[in-house]
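So the structure is just underneath, and the comments pick up after that.
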Amino acid sequence: MAENNEFISSFFIDRDPFLAGLRSYALENNVPILRPDSASLLLTLTALKKPARILETGTAIGYSAILMASAAPGAEIETVEIDPDMASLARANISRAGLGDRIRVILGDASEVLPALRGTYDMIFLDSAKGQYVHLLDDVLRLLPSGGLLVADNCIFYGKVFDEPSSAPHKHRTIVVNMRAFLDGVLRSGEDGGRAEFRGTLLETGDGMMVAVRL
């Protein structure tokens, strides 16, 4: 299995030198960004969807926003970051990439920013605080039209989501409970007899990526 993983991972490289430089910076400075296989999947999904407007939560150094911009030429991206230092660094990286006119970094907590957003987005990518995904779902439903694509990263949460919340370490228990509620809300929507809002799946790519289409 290890050899298989190494073979599969050999395909996940940053062909863009600028993105490769950002990945090196992230590794050297312990900044969490998309794992290579997750980045490859996000790049592919964005290229397939061809979104005109993208919303992201969790900008970090701007890696994934720049990645999505490269896959969807002309797309406008709004990305939300809670850390002022990260937001500043992301803006600098986005400017260096020549994408300042297409990517807007919004400083703030996603749970406070999303309720203030108007209009719709063809694609929403969640990569912020994992325990908050479920609290963003109402706004995701408001902002994502029929046919819109929802992608969420770190949904397996280092494998902790597989186990009952009661067996998770106390400091992670709330995150596990909330992540399970989020996955239920998206992937099991309509099972209670109500209207199904999404059709999607959970993949073991990276730390778990959920991909769903708004019905």
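Each residue of the sequence shown is one higher than the one before, counting from -17 in the working numbering.
We treat Cβ as the ideally placed atom computed from N, Cα and C, and that holds for glycine.
When the alpha-carbon of G40 is set against those of L184, P127, G113, the nearest one is in G113. A contact between stretches requires three or more CB pairs, one per stretch, nearer than 8 Å, and the region 123 to 142 meets this requirement with the region 100 to 109. Under the rule that a run must span 4 or more residues, the alpha helix (DSSP H) segments found entirely inside the region 141 to 188 read 152 to 169. In the structure shown, T39 adopts extended strand secondary structure according to DSSP, grouped into three states. Residue pairing by DSSP leaves M50 without any beta bridge partner. For the 8 Å CB-CB criterion, L16 and D135 form a contact.
Under the DSSP definition of a beta bridge, F107 partners with E38, V133.
For the pair I59 and R84, the CB atoms are nearer than the 8 Å cut-off. DSSP places L89 in the strand class (E or B) of the three-state scheme. DSSP places V13 in the coil class of the three-state scheme, outside both helix and strand.
Listed as beta-bridge partners of T61 by DSSP are E38, V87. For R73, the enclosing alpha helix (DSSP H) stretches over residues 66 to 78. Here A194 is bridged, per DSSP, to L132, G182. Annotation for S22: the continuous alpha helix (DSSP H) segment containing it runs 18 to 31.
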